[in-house]
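Asks: Going by the working numbering, the first residue of the sequence shown is number -10, and it counts up by one from there.
We put the CB at the ideal spot given by N, CA and C, even for glycine.
The structure presented is a predicted model; accordingly, all values stated were derived computationally and were not measured.
Supplied in structure tokens, the structure appears directly below.
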Amino acid sequence: MPTLFDPISFGSIKAANRVVMAPLTRARAGKDAVPTPIMAEYYAQRASAGLIISEAVGISRQGLGWAYATGIWNEEQVKGWKAVTDAVHEKGGKIVCQLWHMGRMVHSSVTGEQPVAPSPSTAPGHIHTYEGKAPYEEARALRLDEIPGIVESYAHAARNAMKAGFDGVQIHSANGYLLDEFLRDGTNHRTDAYGGSVENRLRLLREVTEAVIKEVGAEHVGVRLSPNGEVQGTIDSNPEAVFIPAAKMLNDLGVAWLELRESNPSSTFTFAGATEQPKLSPEIRKVFTRPLVLNQEYTRDEALKAVADGRADAISFGRAYIANPDLVRRLKDDLPLQDDDMATWYGPIGAKGYTDYPFAK
């Protein structure tokens, strides 16, 4: 069996190893959602990853309601991201753009409009706005006539991502954001063609995936799912009945790779706590035949074993990449990992806790 440090292909992407950098929202962009020069340095520092999945990138102003996060719906944003992808490629790395519509997880002070979701609902907790933390607002249900525009926004963003020099895209259908909200019965109470049955709840993900594949080719497309547990107030009563068919659908559509963020009884993930809902990756492994990437607080030993046992083709690391830009080397040589500073996770605070973590000597 391969090891964590052996090469792998994610569709068209030839990765040097199976250590994937998970998407990490760090909020270092300007208010115009344009990437800033320091972001190029940050991602280039981490270019030894087999594959970098970018921070979640807004496909539209409606879908991006997090202060100082990045977008990719206009030319200025494309230009900003081109500086990032060039920096990563100069270091020999590979990077894909995670396409993001936050659904009900936005704030009107950022987007200028009421949040949208499959059904009227309000997320728990608070969001980062330009004025500080604020409670989430009630979302309105998307009208049927609005949904084709959502699909086109994903296709447009995918087209822009390739123009910006990304090696591919990942459709973000996890963590309680719009596509995940449509998948799960805890947030989708619709009675039309996008709600009710599993087939209907899968419809928007199918349409978005088909549109993105048509735009950039299946060999450039991955998808992220969070198939078990509650995340940001979003949960399904019977996830096995939803996410195994979702994985089979994505396999049939030909997406190049699939990433799963899975919770467990001891999870401490920022947005999702522990869950007794079982992991579905063993069953999804049976229906998804291309590379499967697993994520969620993997230690070095757990990651090595998961790949060696064939349970995963690669492992994505999130928080570990904040403080360890040279994570691949540290994992390979079993070097100590540095601790990150939670107070510096989100910007805009410049280099501190972002690009100032040292490499191992």
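Please determine, among S226, L239, P267, K83, the residue with the shortest C-alpha to C-alpha distance to G154.
Replies: Nearest C-alpha to G154: K83.
Asks: Terminal residues of the continuous beta strand (DSSP E) containing M10?
Replies: Start and end: 8 to 10.
Asks: Is the CB-CB distance between H90 and I48 below 7 Å?
Replies: Yes. Within cutoff.
Asks: Please confirm whether Q285 and R250 have their CB atoms less than 7 Å apart.
Replies: Yes, they are a contact pair.
Asks: Based on Cα-Cα distance, which residue from K71, A295, G114 lies nearest to E126?
Replies: E126 has its Cα closest to that of G114, out of K71, A295, G114.
Asks: Enumerate in chain order the residues of its own chain whose CB-to-CB distance from L326 is below 8 Å, with the five nearest sequence positions on each side excluded.
Replies: The residues are A309, A312, N313, L316, R319.
Asks: In three-state terms, what does DSSP make of P124?
Replies: Looking at P124 - three-state DSSP - the assignment turns out to be strand.
Asks: Measure the C-alpha to C-alpha separation of R190 and R179 and round it to an integer number of angstroms.
Replies: Each residue's alpha carbon lies about 9 Å from the other.
Asks: Using CA coordinates, which residue listed in A123, A112, S110, V46 is at the minimum distance from S142?
Replies: With distances taken between Cα atoms, S142 lies closest to V46.
Asks: Quick check on P24: buried or exposed, where buried means 16 or more other Cβ atoms within 10 Å of its Cβ?
Replies: Per the 10 Å Cβ criterion, buried.
Asks: Kindly identify the DSSP beta-bridge partner or partners of I42.
Replies: Bridge partners of I42: V85.
Asks: If you drop the 5 nearest sequence neighbours on each side, which residues of the same chain put their C-beta closer than 7 Å to that of V67?
Replies: Cβ within range, chain order: I61, N149, K152, A153.
Asks: When the distance is taken between beta carbons, is E265 closer than 7 Å to T223?
Replies: Not a contact, by the Cβ cut-off of 7 Å.
Asks: So the candidates are T118, E102, P124, E120; which of them puts its Cα closest to the Cα of T111?
Replies: It is P124.
Asks: Could you give the distance in angstroms between the alpha-carbon of V197 and the alpha-carbon of H161?
Replies: Spanning the two alpha carbons is a distance of roughly 11 Å.
Asks: Apart from the five residues on each side of it in sequence, which residues of its chain come closer than 8 Å, Cβ to Cβ, to Q103?
Replies: Hits under 8 Å: S97, E126, E127, A128, R129.
Asks: Could you tell me the distance, in whole angstroms, from the CA atom of D21 to the CA atom of Y57?
Replies: Cα-Cα distance, rounded: 8 Å.
Asks: So, under 8 Å CB-CB, F277 and A236 are touching, yes? Tell me the CB distance rounded to an integer number of Å.
Replies: At roughly 5 Å, the Cβ-Cβ gap stays under 8 Å, so F277 and A236 are in contact.
Asks: Determine the contact status of M(-10) and A297, defining contact as a CB-CB distance below 7 Å.
Replies: Yes, Cβ-Cβ distance for M(-10) and A297 is below 7 Å.
Asks: Using CA atoms only, rank isn't needed, just tell me which of R274, R173, V210, E120 is closest to A245.
Replies: Among R274, R173, V210, E120, the Cα nearest to that of A245 belongs to V210.
Asks: Pull the bridge partners of A130 from the DSSP assignment, please.
Replies: A130 is bridged to A106.
Asks: In this structure, how does DSSP classify E251 when only helix, strand and coil are distinguished?
Replies: Note: E251 maps to coil in three-state DSSP.
Asks: Starting from Q66, trace the alpha helix (DSSP H) in both directions and tell me its first and last residue.
Replies: Here the alpha helix (DSSP H) through Q66 covers 64 to 79.
Asks: Identify, in the order they occur along the chain, each residue of the same chain with its Cβ nearer than 6 Å to the Cβ of Y119, setting aside the five sequence neighbours on each side.
Replies: Hits under 6 Å: A56.
Asks: How is the beta strand (DSSP E) around F351 delimited, first residue to last?
Replies: An answer regarding residue 351 cannot be provided, because it is not within the stretch -10 to 350 covered by the chain.
Asks: Given a cut-off of 7 Å, decide if Q159 and I233 are closer than it, judged by their beta-carbon atoms.
Replies: Result no, Cβ atoms of I233 and Q159 do not sit closer than 7 Å.
Asks: First and last residue of the beta strand (DSSP E) that includes S305?
Replies: Per DSSP, S305 belongs to the beta strand (DSSP E) from 303 to 306.
Asks: Beta-carbon within less than 6 Å of A292's beta-carbon, same chain only, minus the 5 sequence neighbours each way: which residues are those?
Replies: So the list reads L(-7), I304, once near-sequence residues are dropped.
Asks: Less than 8 Å between C-beta atoms, sequence neighbours within five positions excluded: which residues of the same chain meet that for Y343?
Replies: For Y343, where only same-chain residues beyond five positions count, the Cβ hits under 8 Å are R15, R17, I27, Y31, T333, G336.
Asks: Quick check: what's the CA-CA separation for A4 versus I273?
Replies: Taking the straight line from one Cα to the other gives about 23 Å.
Asks: Alpha carbon to alpha carbon, how far is V95 from N164?
Replies: For V95 and N164, the distance between alpha carbons rounds to 13 Å.
Asks: In this structure, how does DSSP classify N240 when only helix, strand and coil are distinguished?
Replies: In the structure shown, N240 sits in a helix (DSSP, three-state: H, G or I).
Asks: Would S132 be called buried (16 or more neighbouring beta carbons within 10 Å of its own) or exposed?
Replies: In the sequence as displayed, the identity of residue 132 is Arg instead of Ser. Exposed, because fewer than 16 other Cβ atoms sit within 10 Å of the Cβ of R132.
Asks: Between which two residues does the alpha helix (DSSP H) containing T100 stretch?
Replies: Start and end: 97 to 100.
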